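Just below is one structure, and these are the notes that go with it.
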Amino acid sequence: MDDAPPNHPWRLCSGPVLRRCADKVAADVRAHALWRRGDTVGWAVSGGLDSLCGMRLLCALRRRLGHRLVALHVDHGVAPTRAHAEALVAAACADLGLPLHVARVSVPRGPDWEARARHARYAALADLGDRAGCQVVATGHHADDQAETLLLRLCRGAGMDALAGILTARGDGVVRPLLGLTRATLRDLHGSLPWWSDPGNDDLHPARNRVRHLALPALVAAEPDAVAGLCRSAQALALGRNGARTWMGAALAGGWHRDGEALVVERPRVPADRGAWSELLRWAAETLGAPLPTVRATRQFFAVAALGDGRSCRLRGLWVSVTADRYRFECAPQQ
C-alpha cells in the first residue's frame, strides 16, 4: 500500500492506524469523486503536522488511487520560524521523491489580515497548481477544523451555506480529503516524525484559536463525541443546501429570463415561503456573480417579497424589486 520502502525515514507509522486512515481517505476520495486516476494532485503543505501527515498519507495512496502527487508550499513571510518550515518541507519532499513548488506572498498587517492572508494563500496555491499541471489542489483540513468552523459560524448567526462548514470540494479545484480524520488520529499516525509548529497557533487573540484551545476541549470534556457530532451536522446541512439548490433549479426552469444585465423571475414560480425566498435570493446572487446575501439581507428580502407592491431595495450587492407578478434582480454598483 505504501510507496515508500519499509525502512524509509519519512514513512508513517504502520499497523492498524495507517490502514484505517488510508481506507477512510481512499473511500472519501472515491465517494466524492475528488479526483480521477491519472490526475495530478497538488498538496498544500505548510510544514505543520496536519499537512505533512496528509502529504505522506497521499503519497502512500498513490498506487491505490492512481494519482500523481506534487507539493505546493506558500511562504507568507510572517512567522519568525518560516525558514525552518520550508527546510522541513523540502527535506520531506526530497526523501519522498516529490516535486516541490514554492511561492512567496506578502500580506501587510492590518484589519482583516487573516482573511486577506487566506485569500492570498489560495490564489498562490491556484497559481502553483496551474504551473505544476494539477487537476486539483488538496489541503489538510480535518475533522477538528470542521468542528471549529461550525462552532464559530453558529456563534456568529450564520445561514445554511456557512453552516455547511468546510466543503469537501469547493467547486474551484480545491478539495479536502482529510475531513474524515481527527487531529488526534493524524498525530497518532505521524508518530515521532518532525513537524513545524506555527507560533501563531498559540496566540489566543484570534477567535479560532480560542475555540481550538478553550471552547472545543470543553465541549469534548462534556460530550466526548462532540467533534464527530458537529461534523455530522455540517454534512447534513451541506446535503440540505445541495437539495435546496436542485429544487430551485427545477422550480425556475423556463420561468425566468434576462433583461439586459438583470434577472427577471416569474413570481408565481416561487412559493410564498421564507425558505423558498431565501433560496431564490441566493440563486440570484450566484447567477449574477454578486456577493452571497447575509442573514440581515435575507430578512430584508423577506419583507419586500411579502409585500410585492413594487418596492425596491439594495441587499448587499443586489438591487431587488418585487411586483405582483415578478422579481427583478440586478447587480448594485459598489458604494
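In this note's numbering, the protein residues as written are 1247 to 1581.
Glycine included, each C-beta is placed from N, C-alpha and C at the ideal position.
Note that the structure is predicted; figures quoted are calculated from it, not measured.
Cβ distance (whole Å) where residue i is taken to contact residue j below 8 Å
i	j	result
R1458	E1394	6 Å
E1507	C1577	7 Å
A1349	A1370	4 Å
R1515	G1554	The pair is not a contact, with the Cβ atoms about 14 Å apart (cut-off 8 Å).
M1494	L1526	7 Å
P1537	A1530	Not really, about 12 Å apart at Cβ, beyond 8 Å.
DSSP bridge partner residues for residue i (one or two, in chain order)
i	result
T1286	R1314
W1565	R1560 and E1576
V1382	V1287
W1441	BP columns for W1441 are empty, so no partner.
A1508	D1505
A1349	V1320
V1421	A1384 and A1415
Pair within 7 Å by beta-carbon distance, residue i and residue j
i	j	result
G1417	G1288	no
W1405	V1541	It is Gly, not Trp, that sits at residue 1405 in the sequence shown. It is a contact, given that the beta carbons lie within the stated cut-off.
C1339	Q1392	no
L1315	L1304	yes
V1510	R1574	yes
G1475	L1424	no
H1436	L1307	no
V1366	V1383	Val is not the amino acid found at residue 1366; the sequence shown has Ala there. Not in contact: A1366 and V1383 (Cβ atoms no closer than 7 Å).
G1411	T1286	no
V1473	T1414	no
R1456	L1450	yes
L1409	R1399	yes
L1311	H1347	no
G1426	D1274	yes
W1502	Q1381	no
A1480	L1396	yes
V1353	R1364	no
D1390	V1263	no
A1331	G1356	no
Residue burial classification, residue i (beta-carbon count within 10 angstroms, cutoff 16)
i	result
L1561	buried
P1251	In this prediction, P1251 scores a pLDDT of 41, lower than 50, which makes its location untrustworthy; the coordinate-derived value is nonetheless stated afterwards. Its Cβ having fewer than 16 others within 10 Å, P1251 is exposed.
S1524	buried
R1487	buried
F1548	exposed
V1566	buried
T1485	Residue identity check: residue 1485 is Leu in the sequence provided, not Thr. Its Cβ having fewer than 16 others within 10 Å, L1485 is exposed.
L1432	buried
G1403	exposed
P1539	buried
G1300	buried
P1255	Annotation note: pLDDT 47 at P1255 (below 50); position unreliable, coordinate value reported separately. The residue is exposed, with fewer than 16 neighbouring Cβ atoms inside 10 Å.
C1401	exposed
L1460	exposed
M1247	In this predicted model, M1247 has a pLDDT of only 45, less than 50, meaning its place in the structure is not dependable enough to derive any value.
G1284	exposed
G1489	exposed
Contact with chain B by residue i, beta-carbon distance below 7 Å
i	result
H1451	Of the protein chains in this structure there is only one, and it is not chain B.
* May I have a chain-ordered list of the alpha helix (DSSP H) segments no shorter than 4 residues that lie completely inside the stretch 1435–1504? => Counting only runs of 4 or more, we get 1453–1456, 1462–1468 and 1472–1498.
* 4-residue-minimum alpha helix (DSSP H) runs that sit fully inside the stretch 1509–1557, ordered along the chain -> Within the stretch 1509–1557, the complete alpha helix (DSSP H) runs of at least 4 residues are 1520–1534 and 1541–1553.
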